[in-house]
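**Q** Per our numbering, residue 3 is the first one in the sequence shown, and the count goes up by one each step.
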Amino acid sequence: MQIEAERQTHSIPDDPEKRERLARSLGFDSAATLLADLQASNERVREIFHHLIASGTAAPAVNLDIFSDPARATRTLNELAQGSVSFHVAPRTRQIFRRLRPLLLEELVQCADPDATLIAIVRFVEAFGLRSLLFELLATNPKLLELLVRTFDASFFATNVLIRHPHLLEEITRSANLNRSLSLPEHAASLHPLVERGDLDSIRLYRQTQLLRTIMRDVLGLGPLPNLWQEITDLAEACLLAAAAIVGAKNLTIIAMGKFGGRELTYASDLDLMFVGDDFRAAQDFITVLSIPSPEGVIASVDARLRPEGEKGPLVGSLEAFEAYYRDRAQFWEIQALTRARPVAGPNQETFRAIAHAAWSIAGRDPDLFGKIDAMVQRIRAERGSGNDALDFKTGIGGIVEAEFLVQALQMRHDVRETSVRLAIAKLADIISPEDADLLGRGYEFLRRLETVLRRWRNTSASSLPPDPIEQRKLAVRMGFKDRESWQQAYERARADIHAIYGKHFGG
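1. Less than 8 Å separating the beta-carbons of C241 and R209?
2. Output needed for G315: all residues of its chain with C-beta closer than 6 Å, excluding positions within five of it in sequence on either side, in chain order.
3. Under a three-way DSSP split, which group does M276 fall into?
4. Less than 8 Å separating the beta-carbons of L273 and S293?
5. Would I165 and A114 qualify as a contact pair, given that the criterion is a beta-carbon distance under 8 Å?
6. Could you check what DSSP says for V514 in three-state terms: helix, strand or coil?
7. Just how far apart, CA to CA, sit F334 and L107?
8. Straight-line CA distance for L511 to T290?
9. How should H501 be labelled, buried or exposed, when 16 other C-beta atoms within 10 angstroms of its C-beta is the threshold for buried?
10. Per DSSP, what are the beta-bridge partners of A285 in this structure?
11. Between which two residues does the beta strand (DSSP E) carrying R344 extend?
12. With DSSP collapsed to three states, give me the class of L54.
13. For a quick check, are the C-beta atoms of R100 and S134 less than 8 Å apart?
14. CA-CA distance, G398 and S204?
15. Among the residues of its own chain, which have a CB less than 6 Å from the CB of A190, if the five just before and after it don't count?
16. For A306, I'd like the list of residues in its chain whose CB is within less than 6 Å of its CB, leaving aside the five on either flank, ordered along the chain.
17. Does DSSP classify T255 as helix, strand or coil?
18. So, is E352 buried or exposed, given that buried needs 16 or more other C-beta atoms within 10 angstroms?
19. Taking contact to mean 3 or more Cβ pairs, one atom from each stretch, closer than 8 Å, check whether the stretch 359-378 and the stretch 440-460 are in contact.
20. Starting from E453, trace the alpha helix (DSSP H) in both directions and tell me its first and last residue.
21. Less than 8 Å separating the beta-carbons of G263 and R342?
22. Tell me the DSSP secondary structure of D368 in three-state form.
23. Would K506 be called buried (16 or more neighbouring beta carbons within 10 Å of its own) or exposed?
24. Note down, in chain order, each residue of its chain lying with its Cβ closer than 7 Å to the Cβ of R21, except the 5 sequence neighbours on either side.
25. Whole angstroms is fine: what's the gap from R475's alpha carbon to R176's?
26. Helix, strand or coil: how does DSSP classify D394 here?
27. In terms of residue numbering, what span does the alpha helix (DSSP H) encompassing A92 cover?
28. Between the beta-carbon of F282 and the beta-carbon of A246, is there less than 8 Å?
29. Compare the C-alpha of V249 against each of L66, D201, A411, E109 and name the closest.
30. Can you tell which of Q410, D117, A285 has the C-alpha that lies nearest to the C-alpha of V151?
31. Taking I121 as the reference, give the member of D71, N143, L140 with the closest Cα.
32. With distances taken between CB atoms, is the gap from L237 to T216 smaller than 8 Å?
33. Compare the C-beta of D67 with all C-beta atoms of chain B and state if any pair is closer than 8 Å.
34. Is the beta carbon of D470 sitting closer than 8 Å to the one on A478?
35. Among N179, S463, V455, R497, which has the Cα closest to the Cα of S157?
36. For G260, does the three-state DSSP call read helix, strand or coil?
In structure tokens, the structure reads:
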């Protein structure tokens with residue numbers, strides 16, 4: 003029709019002669035046959051449209067009482083569809099949102115905090131810009147919608163990363179890597195071109211992107227908790243090694259301590275490090291590069307206070323100085339910390355391992371081993387506790403510190419070489435009994451999971467429960483419990499089990 007009329011038109015001509023000519027040009031034997039076929043086609047399209055868009059029928063309602071202010075939530079949902087007063091939203095975009103709305107509400111029902119999650123969605127939609135494209139993407143990909151909602155509900159930190167970089171949603175989800183862990187060598191290979199260019203900003207962005215990917219895997223439950231620790235550790239170690247290469251720290255032996263040494267890092271964990279060698283400037287430059295703040299955060303937060311003499315001691319020491327210190331002057335807790343020492347870069351790694359092992363295995367023969375370690379537990383509890391033991395899942399009775407210090411004491415006494423607390427518990431099963439090893443392992447993992455979920459929210463440290471029962475309920479839901487009461491029972495049982503086993507060995 004447009005070719006014949008030489009103008010844009012979408013209407014069948016009224017003139018009978020033109021209708022007949024049009025029908026025959028399309029292969030119909032008459033105009034009547036053409037019109038009948040066109041009407042049937044229109045009816046099929048209309049049926050499909052109503053099925054998908056439901057423009058004339060309201061979608062099944064989700065109870066808006068899940069929101070603290072249902073009226074405000076309704077306005078927010080309407081604004082998502084309509085846009086702000088100054089922003090025109092096309093009719094097609096509103097139609098797509100009518101299809102998306104019930105799906106979105108079904109996901110929000112599952113959230114620990116539907117109010118905050120809905121606000122996060124609004125912020126992300128505004129940052130994404132192309133509403134029609136985003137709504138279509140989410141409406142036709144329920145798994146993507148689930149991932150987005152769960153991520154916003156689980157992590158304010160991840161929400162802000164996605165709002166700053168909306169393209170990361172597609173970049174991460176289109177990659178085959180969302181469904182699997184990335185190893186240290188794989189991260190190193192990805193970072194190699196950035197190291198060649200000395201591009202620290204890109205390393206920071208890489209770390210941020212991969213941390214976001216890890217959070218998404220976490221909220222989807224795509225791996226057990228120890229795998230998550232390994233993922234976070236491998237990412238941190240790869241970025242650390244990249245920074246070391248850029249500053250030219252090849253002559254430094256870098257020692258990972260604490261949870262970094264045990265490959266059990268979680269969100270917002272500092273990297274406990276020590277440096278062996280004589281290149282003070284390289285160590286100083288290395289820490290500076292890791293710690294420089296940027297819009298994408300830092301490469302890593304470093305804590306070098308576990309070195310000999312602590313903050314008062316030199317940042318870098320020779321192997322001979324380390325050996326002499328641990329033999330002659332080290333405090334007992336400093337030797338205990340060596341059970342988790344793991345060289346990650348530089349020369350003389352095996353020599354340092356031997357020095358560390360000799361120090362803690364000799365200390366393990368001390369008749370007062372358990373008394374000294376218990377005294378340290380009590381000191382940490384007094385100095386770092388909040389004053390409310392029920393909330394202190396880290397330093398409190400039956401908390402993370404009791405579990406870790408018990409394991410380290412048993413390792414030292416029985417010469418069990420293992421930097422991972424979780425794996426050390428398994429190796430100690432024949433010493434403390436398989437039943438106690440199972441209870442200790444499950445209790446420890448529960449508290450570490452709790453810690454992980456709390457830290458994931460803002461990517462900041464956490465060692466105590468929120469005192470507000472409402473916030474505790476949110477924590478329970480984020481940990482997979484249906485309600486606060488069932489979570490509370492599991493929490494109390496984990497701490498009771500840990501303390502009971504601790505008491506068997508420390509007499510408490």
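All residues carry an ideal CB built from backbone N, CA and C; glycine is no exception.
**A** With the structure as the only source:
1. yes
2. R309
3. strand
4. no
5. no
6. Since the first residue shown for the chain is 3 and the last is 510, residue 514 is missing from the structure and cannot be characterised.
7. 56 Å
8. Missing from the structure shown is residue 511; the chain here goes from 3 to 510 and no further.
9. buried
10. DSSP output for A285 lists no bridge partner at all.
11. 344-347
12. For L54, the pLDDT reaches just 48, beneath the cut-off of 50, and the residue's location in the model is therefore unreliable, although a value from the coordinates is still provided. Residue state, collapsed to three classes: helix.
13. no
14. 40 Å
15. A240
16. L275
17. Reduced to three states, the DSSP call for T255 is strand.
18. exposed
19. no
20. 436-460
21. yes
22. Residue state, collapsed to three classes: coil.
23. exposed
24. Same-chain partners within the cutoff: I14, P15, A33.
25. The alpha-carbon atoms of R475 and R176 are separated by roughly 34 Å.
26. coil
27. No alpha helix (DSSP H) contains A92, which DSSP labels as neither H nor E.
28. no
29. D201
30. D117
31. D71
32. yes
33. Included in the structure is just one protein chain, with no chain B present.
34. no
35. V455
36. helix
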